[in-house]
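What follows is a single structure, written as structure tokens, with notes after it.
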Amino acid sequence: MAGPSFARSRRRVSGAAGLMWPLLGACLWAAVVGYKPVIIVHGLFDSSDDFKNLQRFINESHPGTNVTVIDLFDRGASLESMWKQVEGFKAAIYPIMQNAADGVHFICYSQGGLVCRGILSILPDHNVHSFISLSAPQAGQYGDTDYLKYLFPQFVKSNLYHLCYTAFGQRVSICNYWNDPHHRDLYVNTSDYLALINSERPNPNSTEWKENFLKIQKLVLIGGPDDGVITPWQSSQFGFYDDNETVIEIQHQDLYLRDVFGLKSLAARGDLFFCTVPGVKHVWWHSNETVFHTCIEKWLV
């Protein structure tokens with residue numbers, strides 16, 4: 525006859541088994557279904573070390589996911605021109621794509637969101653499923669932020685166009701997407717990057733770039749009103765200032781209405797998504813677990 529100690533042991537074994545089966549099931553699910561590789565591209569003055577929390581969130585929610593934070597153009601090197609960064613990141617990312625038969629996901633933070641847009645525009649055979657743009661100045665930047673004061677202490681937003689809209693200025697990443705609503709013609713005619721990928725001036729590659737961009741399956745635009753760096757914050761969701769500095773939301777933007785590079789097409793397909801989270805400062809988007817679970821997690825399948 526079994527004694528009390530044997531009964532307690534059976535209960536412990538039974539309890540352990542009860543915990544083990546869901547874990548085993550999750551591992552088998554991951555092995556059978558397989559999660560697509562995730563590629564993370566950092567922003568201005570960042571490096572791959574800044575994304576350890578995001579990597580942890582992904583590994584905890586989607587065990588076995590191959591997560592790569594591209595370690596290029598770190599810190600000060602992130603001021604290199606956007607096209608130079610696009611080419612460098614593309615060269616590092618392309619082999620990962622080639623080894624991912626079912627495609628990959630992009631999580632692209634801040635300036636990195638614009639780097640990823642460039643890659644998606646020029647790369648005809650990319651296989652990006654979800655493009656998650658994490659607080660990126662997709663419609664441009666125009667604000668007196670701490671970054672601006674640090675980089676260009678002699679300038680404020682109203683006169684930075686004197687530097688940015690020159691051949692020299694266009695060698696600096698932030699000037700490649702500086703969008704002064706009071707000097708629209710100068711921006712359109714001078715911007716070597718944002719005005720081109722937005723097809724805001726005639727571009728012989730615009731049709732091809734649009735076709736390439738529309739190969740993504742989902743576009744997720746994440747941002748929030750307390751960001752403090754992306755200015756206006758709605759730029760993270762393709763809203764931007766008019767010449768009175770009134771924010772015009774994406775649905776009323778010319779680049780959306782004319783569908784110049786595919787936003788309206790994505791919306792018509794049901795593949796354009798917005799996630800707005802208040803209370804998040806710019807530097808914390810990639811380390812905020814609520815942001816991950818609310819805005820990112822469900823797209824990484």
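Numbering (the numbering used here), first residue to last: 525 to 825. Glycine included, every Cβ here is placed at the ideal spot set by N, Cα and C.
Closest to Q609 by CA distance: which of D649, S659 and L568 is it? Stepping through the sequence shown from its first residue, residue 609 is reached at position 85. The residue with the shortest Cα to Cα distance from Q609 is L568.
Looking at the structure shown, is Q665 part of a helix, part of a strand, or coil, going by DSSP? By one-based count along the sequence shown, residue 665 stands at place 141. DSSP places Q665 within a strand segment (E or B) once states are collapsed to three.
Contact under 8 angstroms by Cβ, L658 with G637: Start at 1 with the first residue of the sequence shown, and residue 658 comes out as number 134. Start at 1 with the first residue of the sequence shown, and residue 637 comes out as number 113. Yes, the pair counts as a contact, with Cβ atoms nearer than the cut-off.
Check whether the Cβ atoms of E724 and L779 sit closer than 8 angstroms, and answer yes or no. On the sequence shown, residue 724 is found 200 positions in, with the first residue counted as 1. On the sequence shown, residue 779 is found 255 positions in, with the first residue counted as 1. Closer than 8 angstroms, so yes.
Complete beta strand (DSSP E) runs within the stretch 766 to 811 (minimum length 3 residues, chain order): List check, beta strand (DSSP E) in window: 796 to 800.
For D668, which residues in the same chain have their Cβ closer than 7 angstroms to its Cβ, ignoring the five residues on either side in sequence? Here residue 668 is taken as the residue at index 144 of the sequence shown, counted from 1. The beta carbon of D668 is closer than 7 angstroms to those of V680 and K681 in its chain, skipping five residues each way along the sequence.
I need the boundaries of the beta strand (DSSP E) containing F655, first residue and last residue. Translated into the one-based positions of the sequence shown, residue 655 becomes position 131. Note, F655: beta strand (DSSP E), V652 to L658.
How would you call V815, buried or exposed, if buried means at least 16 neighbouring beta carbons within 10 angstroms? The residue you call residue 815 lines up with position 291 of the sequence shown. A residue is called buried when at least 16 other Cβ atoms come within 10 angstroms of its Cβ; V815 meets this threshold and is buried.
What number of angstroms, rounded off, separates the C-alpha of K822 from the C-alpha of H586? Here residue 822 refers to the residue found at position 298 when the sequence shown is read from its first residue. Here residue 586 refers to the residue found at position 62 when the sequence shown is read from its first residue. About 10 angstroms.
Excluding the 5 residues flanking L647 on each side, which residues of the same chain have their C-beta closer than 8 angstroms to its C-beta? Position 123 of the sequence shown holds residue 647. Excluding positions up to five away in sequence, the list reads K614, Y618 and N736.
Report all residues from its chain with a CB closer than 6 angstroms to the CB of V696; omit the five preceding and five following residues, and keep chain order. Residue numbering aside, residue 696 sits at position 172 when the sequence shown is read from its first letter. Hits under 6 angstroms: L603.
Does the Cβ-Cβ distance between N651 and A691 come in under 8 angstroms? Taking the first residue of the sequence shown as 1, we reach residue 651 at position 127. Taking the first residue of the sequence shown as 1, we reach residue 691 at position 167. No.
Is it buried or exposed for D670, if we count other Cβ within 10 angstroms and need 16 for buried? Taking the first residue of the sequence shown as 1, we reach residue 670 at position 146. Residue environment for D670: exposed (fewer than 16 other C-beta atoms within 10 angstroms of its C-beta).
For F575, three-class secondary structure by DSSP: Counted from its first residue, the sequence shown places residue 575 at position 51. Residue state, collapsed to three classes: helix.
Can you tell me whether DSSP reads Y717 as helix, strand or coil? By one-based count along the sequence shown, residue 717 stands at place 193. Three-state DSSP puts Y717 in coil, outside helix and strand.
Please tell me whether T592 and I620 are closer than 8 angstroms, where the distance is taken between their beta carbons. Translated into positions along the sequence shown, residue 592 becomes position 68. Translated into positions along the sequence shown, residue 620 becomes position 96. Result yes, Cβ atoms of T592 and I620 sit closer than 8 angstroms.
Determine whether the beta carbon atoms of I740 and L644 lie at a separation below 8 angstroms. Translated into positions along the sequence shown, residue 740 becomes position 216. Translated into positions along the sequence shown, residue 644 becomes position 120. Yes, they are a contact pair.
Which of helix, strand or coil DSSP assigns to F762: Your numbering for residue 762 matches position 238 in the sequence shown. F762: coil per DSSP, three-state reduction.
Cβ neighbours of L675 in the same chain (closer than 7 angstroms, five flanking residues each side left out): Along the sequence shown, read from residue 1 onward, the residue named residue 675 stands at position 151. Cβ-Cβ distances below 7 angstroms link L675 to I698 in the same chain, with the five nearest sequence neighbours on each side left out; the list follows chain order.
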